[in-house]
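**Student:**
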Amino acid sequence: MAPRSSKCNKKEANRGAWTAEEDQKLAQVIEIHGPKRWRSVAAKAGLNRCGKSCRLRWMNHLRPNIKRGNISDQEEDLIVRLHKLLGNRWSLIAGRLPGRTDNEIKNYWNSHLSKKIKQNEKPVRSSTWQEPASTVKTKVLDMDNVAKRSEEGTSKTLEDSKFSFGGDGFFDFSNEDPLNLEWMSEFLELDETLYGFP
DNA sequence: AAGTATACCAACCGCGAGCGC
DNA sequence: GGCGCTCGCGGTTGGTATACT
Numbered sequence: 001m002a003p004r005s006s007k008c009n010k011k012e013a014n015r016g017a018w019t020a021e022e023d024q025k026l027a028q029v030i031e032i033h034g035p036k037r038w039r040s041v042a043a044k045a046g047l048n049r050c051g052k053s054c055r056l057r058w059m060n061h062l063r064p065n066i067k068r069g070n071i072s073d074q075e076e077d078l079i080v081r082l083h084k085l086l087g088n089r090w091s092l093i094a095g096r097l098p099g100r101t102d103n104e105i106k107n108y109w110n111s112h113l114s115k116k117i118k119q120n121e122k123p124v125r126s127s128t129w130q131e132p133a134s135t136v137k138t139k140v141l142d143m144d145n146v147a148k149r150s151e152e153g154t155s156k157t158l159e160d161s162k163f164s165f166g167g168d169g170f171f172d173f174s175n176e177d178p179l180n181l182e183w184m185s186e187f188l189e190l191d192e193t194l195y196g197f198p
């Protein structure tokens, strides 16, 4: 059976750090054709890279409005709260932090926050309540279902909520200031309504 | 100054989901 | 319904920079 196309050809493809020239070529092709069909983007750019690698480079470095470094206290707090709520769903967490990438947040978590959390293990929601990781996963899966039901117009639970769902099936917070934590506390209240916490 | 340990970040890998044929 | 292709995600690895002894 032929190898899956999503795998990079280890022998033929360029690997390792990207050069400025490669970045430029990639950005040019994406400007013309858009950030999709990554394999053909790689081919059109004349890059000896797999599509996957091109996508990663674009998403994490070349995209417009990317913020680099200096994660603020507010952002850090938000990451901690969202991680408590969503678990290791980095792309979702990154979606709430404008200009930040999932990879950056994941790295930041692994290198800074996971240690910090272990040290001062302070529950955010109450002085005693702490959510097991398995519960988080179940809840998130449930949230997916609730989101679907909401899209289908069959959800009663969220009917009166101020929150709406975006096209990706998740909460659309587009009207909320991502760094204002007020919306988060309301979100946690909603969470309690849905799942009976604490 | 040299060697070692640690921190940080970019990139890779494997897997699963979605989609079209 | 099955198959292959593409994409996106999360975990992991490897290289480089910095701190420490």
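For the first sequence, UniProt numbering gives the first residue as 1, with consecutive numbering after it.
We treat Cβ as the ideally placed atom computed from N, Cα and C, and that holds for glycine.
On the three-pair Cβ rule with 8 angstroms, is the region 93 to 112 touching the region 49 to 67?
**Tutor:** Touching, yes, given that three or more Cβ pairs across the two stretches are closer than 8 angstroms.
**Student:** Just the Cα atoms here: how many angstroms apart are Leu-113 and Gly-51?
**Tutor:** Against the first sequence, residue 113 aligns to sequence position 113. Against the first sequence, residue 51 aligns to sequence position 51. So the two alpha carbons sit approximately 31 angstroms from each other.
**Student:** With C-beta atoms as the reference, is Leu-82 less than 8 angstroms away from Arg-96?
**Tutor:** The sequence position of residue 82 within the first sequence is 82, counting from 1. The sequence position of residue 96 within the first sequence is 96, counting from 1. Yes, the pair counts as a contact, with Cβ atoms nearer than the cut-off.
**Student:** Can you list, in chain order, the residues of its chain whose CB lies under 7 angstroms from that of Ser-91, leaving out five sequence neighbours each side?
**Tutor:** Locating residue 91 in the first sequence gives position 91, counting from the first residue. Cβ neighbours of Ser-91 beyond the five flanking positions: Asp-102.
**Student:** Can you check the region 36 to 80 for any alpha helix (DSSP H) of at least 4 residues that lies completely inside it and give the ranges in chain order?
**Tutor:** DSSP runs (the alpha helix (DSSP H)) wholly in the region 36 to 80: 38 to 44 and 51 to 57.
**Student:** Keeping to the same chain, check which residues put their C-beta closer than 8 angstroms to that of Ile-79; ignore five residues upstream and five downstream.
**Tutor:** In the first sequence, counting from the first residue as 1, residue 79 sits at position 79. Around Ile-79: Ile-71, Ile-93, Leu-97, Ile-105, Tyr-108, Trp-109 and Leu-113.
**Student:** Any heavy atom of the ligand FAD closer than 7 angstroms to the beta-carbon of Leu-56?
**Tutor:** As for the ligand FAD, it is missing from this structure, which has no ligand bound.
**Student:** Could you name the residues of the same chain whose beta carbon sits closer than 7 angstroms to that of Ile-25, not counting the 5 residues immediately before and after it, in chain order?
**Tutor:** Residue 25 sits at position 25 when you count from the first residue of the first sequence. In the sequence as presented, Ile is not what sits at residue 25; that position holds Lys. Once the five neighbours on either side are set aside, the close Cβ partners of Lys-25 are Ala-45, Gly-46 and Leu-47.
**Student:** Rounded to a whole number of angstroms, what is the C-alpha to C-alpha distance between Arg-15 and Arg-49?
**Tutor:** Taking the first residue of the first sequence as position 1, residue 15 is located at position 15. Taking the first residue of the first sequence as position 1, residue 49 is located at position 49. Roughly 7 angstroms separates the two Cα atoms.
**Student:** With burial defined as no fewer than 16 other Cβ atoms inside 10 Å of the residue's Cβ, what is the status of Ser-111: buried or exposed?
**Tutor:** Against the first sequence, residue 111 aligns to sequence position 111. With fewer than 16 Cβ atoms within 10 Å of its Cβ, Ser-111 is classed as exposed.
**Student:** If you draw a straight line from the C-alpha of Gly-87 to the C-alpha of Glu-31, how long is it?
**Tutor:** On the first sequence, position 87 is the one that residue 87 refers to. On the first sequence, position 31 is the one that residue 31 refers to. So the two alpha carbons sit approximately 34 angstroms from each other.
**Student:** If you reduce the DSSP assignment to three classes, tell me which class Gly-99 lands in.
**Tutor:** Position 99 of the first sequence, counted from the start, is the residue given in the question as residue 99. Three-state DSSP puts Gly-99 in coil, outside helix and strand.
**Student:** Check the C-beta distance from Arg-55 over to Trp-38 and give it rounded, since I have them as a contact under 8 angstroms.
**Tutor:** Here residue 55 corresponds to residue number 55 of the first sequence, with the count starting at 1. Here residue 38 corresponds to residue number 38 of the first sequence, with the count starting at 1. The pair is a contact, with the Cβ atoms about 5 angstroms apart (cut-off 8 angstroms).
**Student:** Would you mind sorting Ser-53 into buried or exposed? The rule is 16 or more other CB atoms within 10 Å of its CB.
**Tutor:** Counted from its first residue, the first sequence places residue 53 at position 53. Buried: at least 16 other Cβ atoms inside 10 Å.
**Student:** In whole angstroms, what separates the C-alpha of Gly-69 from that of Asp-77?
**Tutor:** Translated into the one-based positions of the first sequence, residue 69 becomes position 69. Translated into the one-based positions of the first sequence, residue 77 becomes position 77. Distance between the alpha carbons of Gly-69 and Asp-77: 16 angstroms.
**Student:** Put Val-136 into one of helix, strand or coil per three-state DSSP.
**Tutor:** By one-based count along the first sequence, residue 136 stands at place 136. Here Val-136 scores only 38 on pLDDT, less than 50, and its place in the model should not be relied on; the value that follows carries that caveat. It is helical.
**Student:** Whose C-beta lies closer than 6 angstroms to the C-beta of Ala-27 among residues of the same chain, with five residues either side of it excluded?
**Tutor:** Residue numbering aside, residue 27 sits at position 27 when the first sequence is read from its first letter. Result list for Ala-27: Leu-62, in chain order.
**Student:** Output the boundary residues of the alpha helix (DSSP H) element that contains Leu-26.
**Tutor:** On the first sequence, position 26 is the one that residue 26 refers to. Segment 20 to 33, the alpha helix (DSSP H) holding Leu-26.
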